[in-house]
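Colleague:
Protein chains in written order, with the numbering used here: chain A, 2 to 327; chain B, 35 to 179.
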């Protein structure tokens, strides 16, 4: 796959279709791939990497890249194309300046999972069909790719490319009943005290690095409330953890109904807070109360929070629905 | 000296300028009683209420927050309260999801002619929040005095 993508990138650059290519290169570690812009054949041959760790969603980078002169090619996985569509819908990307190469994807891997599997001192990971070949300090190792798959890929919502100019590989279909709301449903079934304890435990780990906001393809405001020192929630709270809760509620609310559930927020969280559970709660509620909606699936429908019907339920419905009283 | 330790909740009421604020006014001119611990904040429309306002009110020591607007269909800006209705539904659901007690937040539609409803709603809401007790889960200790 990497060779196909590299060849495509070089081809597009050399035949003049595009001036720049947006892809991935190795970051601090081999499993820590970062988005990068390539402008020459040499750079691509030297640095371009596509591996099981190419999880980074490149669509957000197109907001800036597509505003520059010339054309940019971007490699987008199925979940990234949803974000791409959503950004197009919000007029954040200049479509004329982008050449989208859709790439089929069947799940990315998570280094934490590989470590949890028992691999120590991993030097490199090579994919071979359904197995991963690991090179470690203590000799080679193999493991099933399925065991190393990232949480968000296990309950993948769609393997279908919804926007592309050309594609590499054959994409799949939308996956019904992916089980992505299972954990949300489990939390909903808890008592409020248990839920409160769960979220206090998770959110108090937050170091307010703002990585979840910076990486989110739905968070593209030029000015952000969290950068305003007068907002009172622009930095790590010194005394107690309420500000963290407030930050996360507001962050999730700002992207509610526009969030495509790409899972980038949880992927980049240095504290491993399951932030996608907040976004998924909103998605689940929207699906239940206002009808099924997948943001980014098309370019026409209005996001549920920017829409209404006269027959909408009253907010008190929240208190009448299941769950135990506090 | 006797100290009164009875718990009196602080309630913040966001009232839309066109209906509920006038409704509150009417309940006053009709000399209807509602608790003095309801603090009214006038907003142009119920959809002006940013979720942040609600969280901020809780952070600064409110025990309950109520949003009052025109009845659906009667919005001065035609559709504002329809948007507010969706937003508040999702926000309340999220607060519940995070383990905040149900009943601390509420939306009520009060028209300018419903002074009696305004007073009754406030009485009822203060009673509910008094039963729930002090807001511990959303307060910020630095904001306590």
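The beta-carbon is built from N, C-alpha and C at its ideal position, and this holds for glycine as well.
In this structure, how does DSSP classify residue 132 of chain A when only helix, strand and coil are distinguished?
Modeller: strand
Colleague: Does the separation of the CB atoms of residue 251 of chain A and residue 86 of chain B fall below 8 angstroms?
Modeller: yes
Colleague: Give a yes or no on contact between the segment 90-97 of chain A and the segment 12-29 of chain A, applying the rule of three or more CB pairs nearer than 8 angstroms.
Modeller: no
Colleague: Kindly list, in the order they appear in chain B, the residues whose Cβ is closer than 7 angstroms to that of residue 286 of chain A.
Modeller: 124, 127
Colleague: Go ahead and pull the three-state DSSP assignment for residue 74 of chain A.
Modeller: Strand at residue 74 of chain A.
Colleague: With DSSP as the reference, identify every bridge partner of residue 11 of chain A, one or two as the case may be.
Modeller: According to DSSP, residue 11 of chain A bridges with nothing at all.
Colleague: Any idea if residue 255 of chain A is buried or exposed, counting beta-carbon neighbours within 10 angstroms, 16 or more meaning buried?
Modeller: buried
Colleague: Would residue 160 of chain B be called buried (16 or more neighbouring beta carbons within 10 Å of its own) or exposed?
Modeller: buried
Colleague: Let me confirm a value: residue 139 of chain A is counted as buried when at least 16 other C-beta atoms fall within 10 Å, else exposed. Which label applies?
Modeller: exposed
Colleague: Cutting at 7 angstroms between CB atoms, please list the residues of its own chain near residue 180 of chain A, excluding the five before and the five after it.
Modeller: 156
Colleague: Using CA coordinates, which residue listed in A/32, A/62, A/203 is at the minimum distance from residue 114 of chain A?
Modeller: Nearest of A/32, A/62, A/203 to residue 114 of chain A, Cα basis: A/32.
Colleague: In angstroms, rounded to a whole number, what distance separates the CA positions of residue 267 of chain A and residue 214 of chain A?
Modeller: Answer to the nearest angstrom: the Cα atoms are 11 angstroms apart.
Colleague: By the three-class DSSP mapping on this structure, what secondary structure does residue 23 of chain A have?
Modeller: strand
Colleague: For residue 128 of chain A and residue 8 of chain A, what's the separation of their Cα atoms in angstroms?
Modeller: 19 angstroms
Colleague: Would a check of beta-carbon distances place residue 171 of chain B closer than 8 angstroms to chain A?
Modeller: yes
Colleague: Verify the CB distance criterion: does residue 144 of chain B have a CB-CB separation below 8 angstroms to chain A?
Modeller: It does not; no Cβ of chain A falls within 8 angstroms.
Colleague: Tell me the DSSP bridge mates of residue 15 of chain B?
Modeller: Residue 15 of chain B is absent from the structure shown; chain B starts at 35 and stops at 179.
Colleague: Curious, which full-length beta strand (DSSP E) runs of at least 3 residues does the segment 153-188 of chain A contain?
Modeller: 167-169
Colleague: Look at the Cβ atom of residue 212 of chain A, then the Cβ atom of residue 270 of chain A, and state whether they are nearer than 8 angstroms.
Modeller: yes
Colleague: Based on Cα-Cα distance, which residue from A/24, A/224, A/73 lies nearest to residue 55 of chain A?
Modeller: A/24
Colleague: List the whole-angstrom C-beta distance separating residue 206 of chain A from residue 272 of chain A, where the pair is believed to meet the contact cut-off of C-beta under 8 angstroms.
Modeller: Confirmed, about 4 angstroms.
Colleague: Here's the rule: buried if 16 or more other CB atoms are within 10 angstroms of the residue's CB, otherwise exposed. What is residue 41 of chain A?
Modeller: exposed
Colleague: Looking only at C-alpha atoms, which of A/122, A/285, A/45, A/151 sits nearest to residue 141 of chain A?
Modeller: Of the residues A/122, A/285, A/45, A/151, the one whose Cα lies closest to the Cα of residue 141 of chain A is A/122.
Colleague: Roughly how many whole angstroms lie between the Cα atoms of residue 84 of chain A and residue 5 of chain A?
Modeller: 24 angstroms
Colleague: For the segment 151-162 of chain B, which residues have a beta carbon sitting closer than 7 angstroms to at least one beta carbon of chain A?
Modeller: Within the segment 151-162 of chain B, no residue has a Cβ that lies closer than 7 angstroms to any Cβ of chain A.
Colleague: For residue 93 of chain B, count neighbouring Cβ atoms within 10 angstroms of its own Cβ and tell me buried if that reaches 16, exposed if not.
Modeller: So residue 93 of chain B counts as buried.
Colleague: Relative to the ligand ZN, is the shortest distance from any of its heavy atoms to the C-beta of residue 194 of chain A smaller than 7 angstroms?
Modeller: As presented, the structure is devoid of all ligands, the ligand ZN included, so that no description of it is given.
Colleague: What number of angstroms, rounded off, separates the C-alpha of residue 175 of chain A from the C-alpha of residue 138 of chain B?
Modeller: 39 angstroms
Colleague: I'd like the span of the alpha helix (DSSP H) that includes residue 251 of chain A, first residue to last.
Modeller: 243-256
Colleague: Out of curiosity, what's the CA-to-CA distance linking residue 77 of chain A and residue 294 of chain A?
Modeller: 22 angstroms
Colleague: With a 10 Å radius around its C-beta and 16 neighbouring C-beta atoms as the bar for buried, classify residue 231 of chain A as buried or exposed.
Modeller: exposed
Colleague: Using the Cα positions of residue 80 of chain A and residue 101 of chain B, report the straight-line distance between them to the nearest angstrom.
Modeller: Distance between the alpha carbons of residue 80 of chain A and residue 101 of chain B is about 37 angstroms.
Colleague: Tell me residue 127 of chain B's beta-bridge partners as DSSP assigns them.
Modeller: Answer is none; residue 127 of chain B lacks a bridge partner.
Colleague: Is any beta-carbon of chain B found at less than 8 angstroms from that of residue 214 of chain A?
Modeller: no
Colleague: Going by beta-carbon coordinates alone, are residue 48 of chain A and residue 37 of chain A separated by less than 8 angstroms?
Modeller: Yes, the pair counts as a contact, with Cβ atoms nearer than the cut-off.
Colleague: Please classify residue 3 of chain A as buried or exposed, where buried requires at least 16 neighbouring CB atoms within 10 angstroms.
Modeller: exposed
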